[in-house]
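S.K.: Heads up, the sequence shown is in numbering that gives the first Met the number 0, so the first residue is 0 and it goes up one at a time.
The beta carbon of each residue, even a glycine, is placed where N, CA and C say it ideally should be.
Treat the numbers as computed from the prediction; the structure is a model and nothing was measured.
Here it is, the structure in full.
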Amino acid sequence: MTDEFDFEAGLEQRLRARAALANRPFDAATIAHTVVAAEVRRPRIGGLAWPVARPAFAVLILAVLLAIALLGVALVGALRDASPPIPPLPANGWIAVSANPNDIGGGEAGDIYRIEASAPARRIIGSAGDGVAQACPRFSPDGRRLAYGEARASDQPAGQRGNWPVPDRAIVVVGVNDRGEVSAPLMRKVVSPDAGEIVCPEWSPDSTTLAVRDAGQVSITDAASGATTVISAVEGPRPQNEFEWSRDGRRIAVAEGSQIRIIRTADRTSEVFRVLGGVPDSLAWTAGDRQIVYLATDSSGETSAARLLDLASRQDTQLTVDPTDPELVLGVSNAVVSPDGTRMAYFAGVSRCTTDGCSGVSARVLATDIDGSHAVEVLVPLDFGAAGLQWSPDGTRLLMGSIEGVVSVAVVPGSPSVVHSRGELNLEWSGSQVTWQPVFE
0 MTDEFDFEAG LEQRLRARAA LANRPFDAAT IAHTVVAAEV RRPRIGGLAW
50 PVARPAFAVL ILAVLLAIAL LGVALVGALR DASPPIPPLP ANGWIAVSAN
100 PNDIGGGEAG DIYRIEASAP ARRIIGSAGD GVAQACPRFS PDGRRLAYGE
150 ARASDQPAGQ RGNWPVPDRA IVVVGVNDRG EVSAPLMRKV VSPDAGEIVC
200 PEWSPDSTTL AVRDAGQVSI TDAASGATTV ISAVEGPRPQ NEFEWSRDGR
250 RIAVAEGSQI RIIRTADRTS EVFRVLGGVP DSLAWTAGDR QIVYLATDSS
300 GETSAARLLD LASRQDTQLT VDPTDPELVL GVSNAVVSPD GTRMAYFAGV
350 SRCTTDGCSG VSARVLATDI DGSHAVEVLV PLDFGAAGLQ WSPDGTRLLM
400 GSIEGVVSVA VVPGSPSVVH SRGELNLEWS GSQVTWQPVF E
């Protein structure tokens, strides 16, 4: 290209292509014209007129570098603005529950069973008459291990489970496979030798550590070595269960009276968020760890509403709608957030309360967007009386347990309910004692 106008046009065309990708505009035509119009010497090389001498060539280099820099800014900005990709969800593996056979009263000193719709329940952890109770089974997020709380207990404990004093309380980790087989304990960590409520472990998202809450502290334990870090926390009304890992594993939300404490696991520092709806219950993080769904309860533990706490703005919004009839009282329980953090599900029941007392109405299961919109009622067998609630690993079904059995239902209509266990186990205390294994290809 020896003609200066051809050169200018070509340069402008190339710069325009780069300008189209930049997030900060620049004038391609002006830059191209400046390059060509610069005071230059036009040396001849081998008898041919070289289109650009040193000064103009330097300007050209600067122009190209400018375009490349702007393009880099555009790409970096695009990467910064893009939300982190949501990893693919796993498939649904097998289901485990802590329970007892029906011939053991009270359902207290539970062993752990594998349950499925096509076969009888099979005990995989514990044995009859061993004097050891296992509770709160939880599959690791990678599906390769099972953790649970363990304690020394009898078949006929005194008092109700909520006040169940059992000694030698520990957390245990075993290996699992897709066939429902478990290994010998890989790790056992004593939480306290003193009598108290059996502890319930919760896995970190990366499957490396476990957190438990007991009295005035949160303990974080390495799932392989048992090494433990203890973080102080104010004791709440239901301290064993009201805490939740953030989705990135960097923080733990802990319910404390009328507030939620966010603990940073790296340095143990924390931040307190006052809530508007009363005592927080059923904490769950949404996608991106920007918000926390919680249930607002009164001092007696009765739930009044599902609420959403925005951590950036500290705005606390009620998601459920109260009845307009003053005699009707809405009760919400077991709020859980989907594996991808974009949906939630909960039990919603309405009672009519007068001076003569309250009469209840069967609770419905609702699935909504995180902001409470697009509510869909999930149909549950009418005679089931479900209590516990959790999402399947692939986010397509809800798993529920009650005194009658364990059932899963499809969130999107069209797939039938599946009864995984009914009548063979004493599930009096096992509504929340169910876990579903995630399976990765």
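Could you spell out where the beta strand (DSSP E) holding Gly400 opens and where it closes?
M.R.: Unbroken beta strand (DSSP E) run through Gly400: Arg396 to Gly400.
S.K.: In the DSSP assignment, what are the bridge partners of Glu149?
M.R.: Per DSSP, Gln133 and Ala169.
S.K.: Let me know if Val408 comes out buried or exposed under the rule of 16 or more other beta-carbons within 10 Å of its beta-carbon.
M.R.: Looking at its Cβ environment, which holds 16 or more other Cβ atoms inside 10 Å, Val408 is buried.
S.K.: Which of the three DSSP states is assigned to Gly277 in this structure?
M.R.: Here Gly277 sits in coil by DSSP.
S.K.: Put Asp288 into one of helix, strand or coil per three-state DSSP.
M.R.: Residue state, collapsed to three classes: helix.
S.K.: With a cut-off of 8 Å, do at least 3 Cβ pairs link the segment 330–342 to the segment 270–279?
M.R.: With the cut-off at 8 Å, the segment 330–342 and the segment 270–279 do not touch.
S.K.: Give me the residue from Ile170, Gly179, Phe272 and Gln436 with the minimum Cα distance to Pro392.
M.R.: Comparing Cα positions, the closest option is Gln436.
S.K.: Could you tell me the alpha carbon to alpha carbon distance between Arg144 and Val175, rounded to whole angstroms?
M.R.: Each residue's alpha carbon lies about 5 Å from the other.
S.K.: How long is the line joining the alpha carbons of Met186 and Pro200, rounded to whole angstroms?
M.R.: Going from the Cα of Met186 to the Cα of Pro200 covers about 13 Å.
S.K.: Determine the extent of the beta strand (DSSP E) in which Val198 is found, giving its start and end residues.
M.R.: Looking at the DSSP string, Val198 is not in any beta strand (DSSP E), and its letter there is neither H nor E.
S.K.: Is DSSP giving Pro392 helix, strand or coil here?
M.R.: The answer is coil: DSSP assigns Pro392 none of H, G, I, E or B.
S.K.: Pull up the CB-CB distance for Arg263 and Arg250, whole angstroms please, since I reckon it's below 8 Å.
M.R.: Arg263 to Arg250, Cβ: 6 Å. Contact.
S.K.: How many whole angstroms separate the CB atoms of Val516 and Thr285, which I take to be in contact at a CB cut-off of 8 Å?
M.R.: The shown model of the chain, from 0 to 440, leaves out residue 516, and the question about it has no answer.
S.K.: Quick test of your reading: Pro338 and Gly404, contact by CB under 8 Å. State the CB separation rounded to the nearest angstrom.
M.R.: With 8 Å as the limit, Pro338 and Gly404 do not qualify as a contact, their Cβ atoms being about 24 Å apart.
S.K.: Does the beta-carbon of Ser117 have 16 or more other beta-carbons within 10 angstroms, so that it is buried, or is it exposed?
M.R.: Classification for Ser117: exposed.
S.K.: Please identify the residue among Ala385, Ser97 and Leu388 whose C-alpha is closest to the C-alpha of Asn425.
M.R.: The shortest C-alpha separation from Asn425 is found at Ser97.
S.K.: Does the Cβ-Cβ distance between Ile123 and Val189 come in under 8 Å?
M.R.: For Ile123 and Val189, no; Cβs fall outside 8 Å.
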